[in-house]
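Participant: Got a structure for you, questions after.
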Amino acid sequence: MDTKKLEQLIAQLESYVECWRQLSHYINRAREKRFDYDDESQFLEYKCVVIQELEGILATIDVENPSKDEIHALITTCSSIRALSTASEQDLGGLEANWHKIYIAWHSILGQLKAAMRQSDAESGWSLFKKKAA
202 MDTKKLEQLI AQLESYVECW RQLSHYINRA REKRFDYDDE SQFLEYKCVV IQELEGILAT
262 IDVENPSKDE IHALITTCSS IRALSTASEQ DLGGLEANWH KIYIAWHSIL GQLKAAMRQS
322 DAESGWSLFK KKAA
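According to this note's numbering, the sequence shown is numbered sequentially starting from 202.
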């Protein structure tokens, strides 16, 4: 993958990971039973972005972990903040554990991409501190 495409993929994945972080925020809002119509609307929007961006990422790179089925299952479980607010503490804990597993897996992939970018930069001789090798 060329450097420009790798940079774009890294930016896309950083944005995607931020969406995952926001999902956690809304799960916590459900647990606290502190949410309103705007929260529900935003939550739905984040879920849509998570699924749509997943397809874009999977069209670019092969990802085994987290699996597409795993992500879909988690998102399907979160039908609304209102529904989550009625879930048991045990169910919310399980949801958070699955969320965390997926969140960490995306960070791992992001780290691998950043390492590939550094390797690509090293092989091309590019550096912030010196001129390109002749």
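Beta carbons are placed, not taken as given, at the ideal position from N, Cα and C, and that holds for glycine.
Thinking just about the alpha-carbon of each residue, which of GLN291, LEU285, ALA317 and ALA306 is nearest to the one in ASP240?
Facilitator: Nearest option by C-alpha distance: LEU285.
Participant: Does the region 313-323 come within contact of the region 228-235, defined as at least 3 CB pairs closer than 8 angstroms?
Facilitator: no
Participant: According to DSSP, is ALA323 helix, strand or coil?
Facilitator: In the three-state scheme derived from DSSP, where H, G and I count as helix and E and B as strand, ALA323 is classed as helix.
Participant: On the DSSP letters alone, give me the boundaries of the alpha helix (DSSP H) that ASN229 sits inside.
Facilitator: 204-233
Participant: Please report how far the alpha carbon of ALA298 lies from the alpha carbon of GLU271, in whole angstroms.
Facilitator: 12 angstroms
Participant: In its own chain, which residues sit with a C-beta less than 8 angstroms from the C-beta of LEU275, not counting the 5 before and 5 after it?
Facilitator: LEU296, ASN299, TRP300 and ILE303
Participant: Nearest CA to the CA of GLU215: which residue from SER280, VAL251 and GLU290?
Facilitator: VAL251
Participant: Give the C-beta separation of TYR227 and TRP307 to the nearest angstrom, bearing in mind that I take them to be a contact with Cβ-Cβ under 8 angstroms.
Facilitator: Actually they do not touch by this definition, with Cβ atoms about 17 angstroms apart.
Participant: Can you check whether the CB of GLN223 is closer than 8 angstroms to the CB of TYR247?
Facilitator: yes
Participant: Would you call ILE305 buried or exposed, if buried means 16 or more other Cβ atoms sit within 10 Å of its Cβ?
Facilitator: exposed
Participant: Taking the alpha carbon of LEU210 as the point to measure from, which residue in CYS249, THR278, THR261 and GLU256 has its own alpha carbon closest?
Facilitator: Among CYS249, THR278, THR261 and GLU256, the Cα nearest to that of LEU210 belongs to THR261.
Participant: Below 8 angstroms on the Cβ atoms is my contact criterion, and I expect ALA317 with LEU245 to pass it. Report the Cβ-Cβ distance as a whole number of Å.
Facilitator: With 8 angstroms as the limit, ALA317 and LEU245 do not qualify as a contact, their Cβ atoms being about 34 angstroms apart.
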